[in-house]
Amino acid sequence: MHFQIVHTTEYEYSAPAVESYSELRVRPRNTLRQVVNYHATEVFPRVPLEAYNDYYGNCVETLSVPFRHKRLIVTSRSAVETRPILDPLSGLDLSISEAVRCCWAERRELYDFLMPSVYVPITPQIEEVAREMMPAQKSFAQAVTELNSWMFKSFKYTPGVTDIRTPISEVLEKKQGVCQDFAHLMIAMIRAVGLPARYVSGYIETDAAAAAALRKRDRLAKRAIASYDEDEPEGDKEDPMLIGATASHAWVEIFAPNGRWVGLDPTNNILEGERHVQIGVGRDYADVTPMRGVFTGPEKQLLSVNVSVVRSTEEEQDRRRWEESYEPWIDEG
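Residue numbers (the numbering used here): 1173 to 1505.
Here you go:
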């Protein structure tokens, strides 16, 4: 699947800022399941950008505005191709305790994703719920699937009731929050039983009509394999709109016994798939904040964020890449 993504962040200050410095993590990742065909970041006021990869392999762009400015606008434009993931939990019938033992060989490399972090404390209450949801004898695939489903059914997506400083213990108690809260809580529960888990920042396509088309494609593909259920109804099922595209989305990756990371989206009760686009991974939100920085000037500022995730054809991708890279030829005689 091909996506055109536009992510705009605007800061408006109550009085001109004297200077500012910002750090961006808005460039999608290149992974086995997604390819970034194009990316550009535009800044107003116009200043140069510098880029590097952080400790977890995420692209970080930095900018400095060394003069007075009333607004700071950052627009990230990306063209990304994603690929389907064929049942990432298939064959993972080991128990939770066996899965934990499998991780010991790579414990040093996975240490950051096993321990508590800034937004992911592991409290006795969380440990108790985690042991109940993921008992040692339950199969790995069944346990993580049921945990994903339990969070979706038990917690209500309610924007505005939490912010990034809200403790996950409060989220667990009130059973409401947003995708960042659900991701942090799920990570804490997975780490509490001794399995590595990391936070994923990204985007998700939420269009219901597009989901119906994807379901139809998958149904046709199933006809070619023996496991296809002949009794499955032909009509397209109505898909609910997924949650997460008005701003950046968040979900979880758990390290599986086969040595691969498996994506879980508790906000929508689905596994990571073609409609997810990764930006960055880390211990929690603190490692992948889309934009953060400091400025000198007024105390008050107004922040607005807008994200657009639009599916496009490959031909549209090629045309847009050509237009974006085109430089007119000038006859200097």
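All residues carry an ideal CB built from backbone N, CA and C; glycine is no exception.
Asked	Found
Reduced DSSP category for residue 1209 - H, G, I as helix; E, B as strand; rest coil	strand
Which residues DSSP lists as bridging residue 1191, in chain order	1468
Euclidean distance between Cα positions of residue 1269 and residue 1303	11 Å
Cα-Cα separation between residue 1223 and residue 1373, rounded to whole angstroms	18 Å
Three-way DSSP call (helix, strand, coil) for residue 1226 in this model	coil
Cβ-based neighbour list, residue 1243, same chain, cut-off 6 Å, excluding 5 preceding and 5 following	1184
Sub-7 Å separation of residue 1356 and residue 1459 beta-carbons	no
Reduced DSSP category for residue 1291 - H, G, I as helix; E, B as strand; rest coil	coil
Residue closest to residue 1481, alpha-carbon to alpha-carbon, out of 1377, 1423, 1454	1377
Contacting residues, own chain, Cβ-Cβ under 6 Å from residue 1419 (five flanking each side not counted)	1477, 1479
Proximity below 7 Å, CB of residue 1241 to CB of residue 1484	no
Close Cβ partners of residue 1290 (< 7 Å) along its chain, the five nearest in sequence each way excluded	1456, 1458
Integer-rounded CB distance, given that residue 1312 should sit under 8 Å from residue 1271	4 Å
Distance, residue 1454 Cα to residue 1399 Cα	Note that residue 1399 has pLDDT 42, beneath the 50 cutoff, so the model's placement of it is unreliable and the number below is only indicative. Those two C-alpha atoms are separated by around 37 Å.
Cβ neighbour criterion (16 or more within 10 Å) applied to residue 1233	buried
Local Cβ density within 10 Å of residue 1262, reported as buried at 16 or more and exposed below that	exposed
Cβ-Cβ distance between residue 1182 and residue 1468 below 7 Å	no
Residue from 1186, 1340, 1369 whose Cα sits closest to the Cα of residue 1283	1369
Integer Cβ distance of residue 1344 from residue 1297, believed to fall under 8 Å	7 Å
Alpha helix (DSSP H) runs contained entirely in the region 1305-1380, provided each spans 4 or more residues	1312-1326, 1340-1346, 1351-1364
Residue 1428 versus residue 1337: straight-line alpha-carbon distance, rounded	30 Å
Residue 1271 - DSSP class collapsed to helix/strand/coil	helix
Residues near residue 1333 in its chain [Cβ-Cβ closer than 6 Å; skip 5 each side]	1348
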